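Quick notes on the structure that follows.
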Amino acid sequence: MAEFKLLTNDIGAPDLETRAGYERVGGYQALREAFKRFTPDQLVQEVKTSGIRGRGGAGFPTGTKWSFLPKETFPRYLCCNADESEPGCFKDRFLIDNNPHQLIEGVLIASYALQVNVAFIYIRGEYYDQRLTLERVAEEARQAGYIGKNILGSGFDCDVIIHGGAGAYICGEETALLDSLEGLRGQPRLKPPFPAVKGLYGQPTVVNNVETLCNLPEITLRGGEWFKSIGTEKSTGTRLFCCSGHINRPGTYEMQLGTPIRELLEEECGGMWNGRALKAFQPGGGSMQVLLPEHLDLPLDMEEVARAGSSLGAGAMVFMDDTTCLVDYSMRLVDFYEHESCGKCVPCREGTYFESLLMHRLEAGEATTAELATLTDICSNMDGRCFCPLGDTATWFVLSAYRAFRDEFEAHCGAGRCPVRTRSAALVA
Amino acid sequence: MSLAAETRVAIERARERYPQPRSAVLPALWAVQREIGLLTPDAMAEVAGILNLAPSEVEAVSTFYSMYFQHPHGRHEVVVCINVSCALRGAEEIVEHIARTLGCASGETTTDGEFTWSSTVECLGACGGAPAMQVDHHFQENLTPARVDEILARTRGAAGPTPAGDR
Numbered sequence: 383m384a385e386f387k388l389l390t391n392d393i394g395a396p397d398l399e400t401r402a403g404y405e406r407v408g409g410y411q412a413l414r415e416a417f418k419r420f421t422p423d424q425l426v427q428e429v430k431t432s433g434i435r436g437r438g439g440a441g442f443p444t445g446t447k448w449s450f451l452p453k454e455t456f457p458r459y460l461c462c463n464a465d466e467s468e469p470g471c472f473k474d475r476f477l478i479d480n481n482p483h484q485l486i487e488g489v490l491i492a493s494y495a496l497q498v499n500v501a502f503i504y505i506r507g508e509y510y511d512q513r514l515t516l517e518r519v520a521e522e523a524r525q526a527g528y529i530g531k532n533i534l535g536s537g538f539d540c541d542v543i544i545h546g547g548a549g550a551y552i553c554g555e556e557t558a559l560l561d562s563l564e565g566l567r568g569q570p571r572l573k574p575p576f577p578a579v580k581g582l583y584g585q586p587t588v589v590n591n592v593e594t595l596c597n598l599p600e601i602t603l604r605g606g607e608w609f610k611s612i613g614t615e616k617s618t619g620t621r622l623f624c625c626s627g628h629i630n631r632p633g634t635y636e637m638q639l640g641t642p643i644r645e646l647l648e649e650e651c652g653g654m655w656n657g658r659a660l661k662a663f664q665p666g667g668g669s670m671q672v673l674l675p676e677h678l679d680l681p682l683d684m685e686e687v688a689r690a691g692s693s694l695g696a697g698a699m700v701f702m703d704d705t706t707c708l709v710d711y712s713m714r715l716v717d718f719y720e721h722e723s724c725g726k727c728v729p730c731r732e733g734t735y736f737e738s739l740l741m742h743r744l745e746a747g748e749a750t751t752a753e754l755a756t757l758t759d760i761c762s763n764m765d766g767r768c769f770c771p772l773g774d775t776a777t778w779f780v781l782s783a784y785r786a787f788r789d790e791f792e793a794h795c796g797a798g799r800c801p802v803r804t805r806s807a808a809l810v811a
Numbered sequence: 554m555s556l557a558a559e560t561r562v563a564i565e566r567a568r569e570r571y572p573q574p575r576s577a578v579l580p581a582l583w584a585v586q587r588e589i590g591l592l593t594p595d596a597m598a599e600v601a602g603i604l605n606l607a608p609s610e611v612e613a614v615s616t617f618y619s620m621y622f623q624h625p626h627g628r629h630e631v632v633v634c635i636n637v638s639c640a641l642r643g644a645e646e647i648v649e650h651i652a653r654t655l656g657c658a659s660g661e662t663t664t665d666g667e668f669t670w671s672s673t674v675e676c677l678g679a680c681g682g683a684p685a686m687q688v689d690h691h692f693q694e695n696l697t698p699a700r701v702d703e704i705l706a707r708t709r710g711a712a713g714p715t716p717a718g719d720r
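Chains as they are written, first to last, in the numbering used here: chain A, 383 to 811; chain B, 554 to 720.
The following block contains the structure:
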């Protein structure tokens, strides 16, 4: 099998979702080692050495982000971003469902490295059972002395608060997350100042993704140099890829970065379903640009995928077979952004509205060629002109699909119905 | 004073838990919605009182998030994902089936008050088990019309609703 299990290696061990089960596979040893072998600064250095980049989508080097915290300014906060809502993405849920203590341990190691005494896990409201799981395991960890005062006799204190959201994709944007956590409408803040300088309650704050933090126990135990030996030079380690769409085995697969996308599709996902051909795929979640069958030999590597005009983003892969209508697919994504636009800035609020209006008319076969031509215009007034990346990314997929499948888009104009989608194509085979 | 003592205690506890009391707004609204099934102006004014905020500040928060509601819902909540991964695997058929079975449109409540259902473009994070929905916040995946029937029948017969969020 092509999977390379680092983060997911223990999944399947008995009672892993309990403290006792997690400890049986070596759980919380990394936290002990962190206290014993590292000063906080050394731990930050170790994470820098590992080269690990954030797993939330933007791919910023975690150690570098950590080192932006101003020295001697306290209190500082850590927020774990578990507001996973990117279309196609379900890896954070997978990690929380299957190995929740691993995340708690990662949060505690990061908190020690950053000298944070109150850490938060902001989890989306829809992940109701997952929130209850985190509350349960945090309580278990508290009773065992991993959370609280003078953890394991180290003199280090840390509380972990599980904070449930209430339905808002934008809260995955780190500054909107902070506003939401402060009890406000979750709208993004102007940057700079960046959260590292002025974040939660105006204090230095680090926001890290679930999967990023889950890597910390292994980096602590086995070292940054070891981690760096996995993956490619600039995309180190493994990543979880959430695979969905027209494939035989949808699911979450952990892959060494640098592995060809084809291996993920053919060996792990069992190839395309019903013997159909691949028409297109979206490699990084709903925000990222379309890729074509000719891109299957690209490695799972951030630079290489970026060179092909897309991004590995949040690690979601949606595969489409040859019955898929790219206009219908684009329309659903545009609808999503229109619904989730927070309304703070005009280009996003108005742009997504007009995008959605156009895409609905196009999919119904009612738009004219002249109307379709306005798509580029609408999008160019959004991309790079919005307050936060939501409005920018609301244009990326649809524009890339319009470029790659121009004939298909144009065939919709005045057709009176969708010329691609047949009713049966939408049914479960 | 209209909120139950238990709810007030939960809100006060949240207020003490956070470095700043205002952070307790979201947990407080969850607690209110769990108790009375929706967010009323009176209840939100009471939350504002406990957290030392203006009622408008609490109301502004309540209207921003899609999981809070200001109108009564049915005893059970059904949310069906229609974003891309679910759409590719038949979400549309599931949506049509539910509308037919429950006899009302997305966003509406059945006449017997059992179900409020809606389709949502907000990806639920169940793409690996598409098509998917949530019933009373619990994931139900790999849906077929027959499985939907089974789940709805079981839910309808359930003694009580799953709490619509807590703390």
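We put the beta carbon where it would ideally sit given N, CA and C, even for glycine.
None of the values given here were measured: they were computed from a predicted structure.
Can you tell me whether DSSP reads A584(B) as helix, strand or coil? helix
9 Å is my cut-off, CB to CB: does C724(A) come that close to chain B? yes
Determine the burial state of S762(A): buried for a count of at least 16 other Cβ atoms within 10 Å of its Cβ, exposed for fewer. exposed
Give a yes or no on whether 9 Å exceeds the smallest Cβ distance from G718(B) to chain A. For G718(B), the predicted model reports a pLDDT of 40, less than 50, meaning its position is unreliable; a value from the coordinates is still stated below. So, interface residue.
Between which two residues does the alpha helix (DSSP H) carrying I434(A) extend? No alpha helix (DSSP H) contains I434(A), which DSSP labels as neither H nor E.
Mind checking whether L398(A) and E636(A) have CB atoms under 9 Å apart? no
So, with DSSP's three-state summary, where would you put S672(B)? strand
Cβ of L723(B) within 9 Å of any chain A Cβ: The first residue shown for chain B is 554 and the last is 720, placing residue 723(B) beyond what the model contains.
Is DSSP giving S626(A) helix, strand or coil here? strand
The beta strand (DSSP E) enclosing E555(A), as first and last residue numbers: It is not in any beta strand (DSSP E) - E555(A) carries neither H nor E in the DSSP assignment.
Between M686(B) and V611(B), is the Cβ-Cβ spacing less than 9 Å? no
DSSP-derived helix/strand/coil call for G470(A): coil
Check the Cβ-Cβ distances between A501(A) and every residue of chain B, and say whether any is below 9 Å. no
May I ask which residues mark the beginning and end of the alpha helix (DSSP H) holding D774(A)? P771 to A786
Identify the residues that DSSP records as bridge partners of H691(B): which are they? V688(B)
Roughly how many whole angstroms lie between the Cα atoms of E790(A) and L708(A)? 8 Å
First through last residue of the beta strand (DSSP E) which encompasses K661(A): L660 to Q664
Nonlocal neighbours in the same chain, by C-beta distance under 6 Å from Q497(A), ignoring five residues either side: P422
Quick check: is the beta carbon of H626(B) nearer than 9 Å to any beta carbon in chain A? no
Proximity test, Cβ basis, 9 Å: Q623(B) and chain A: no
CB contact check: V700(A) to chain B, cutoff 9 Å: yes
Going by the beta-carbon positions, is the gap between I478(A) and V592(A) smaller than 9 Å? yes
Identify the continuous alpha helix (DSSP H) that holds D765(A) and give its terminal residues. Taken as a continuous stretch (DSSP letters only), D765(A) belongs to no alpha helix (DSSP H), as it is neither H nor E.
On a Cα-Cα basis, can you pick out the residue from F417(A), T758(A) and M713(A) that is closest to G535(A)? F417(A)
Would the stretch 699 to 718 of chain A and the stretch 444 to 457 of chain A be scored as touching if the rule is three or more Cβ pairs under 8 Å? no
Which same chain residues, not among the five before or five after T614(A), have their C-beta less than 6 Å away from its C-beta? L639, G640 and D683
K573(A), buried or exposed, once every other Cβ within 10 Å from all chains shown has been counted against 16: exposed
Rounded Cβ spacing between I505(A) and G546(A) (contact assumed at less than 8 Å): 6 Å
Quick one: which chain A residues come within Cβ less than 7 Å of M541(B)? Here chain B comprises residues numbered 554 to 720, so residue 541(B) is not present and cannot be evaluated.
Test item: CB-CB of G530(A) and D541(A) under 9 Å: yes
In angstroms, rounded to a whole number, what distance separates the CA positions of R401(A) and R587(B)? 29 Å
Name the residue from A793(A), R406(A), A548(A) and F476(A) whose alpha carbon lies nearest to the alpha carbon of G633(A). F476(A)
So with CB distances below 9 Å, who are the chain A contacts of Q687(B)? E508 and Y510
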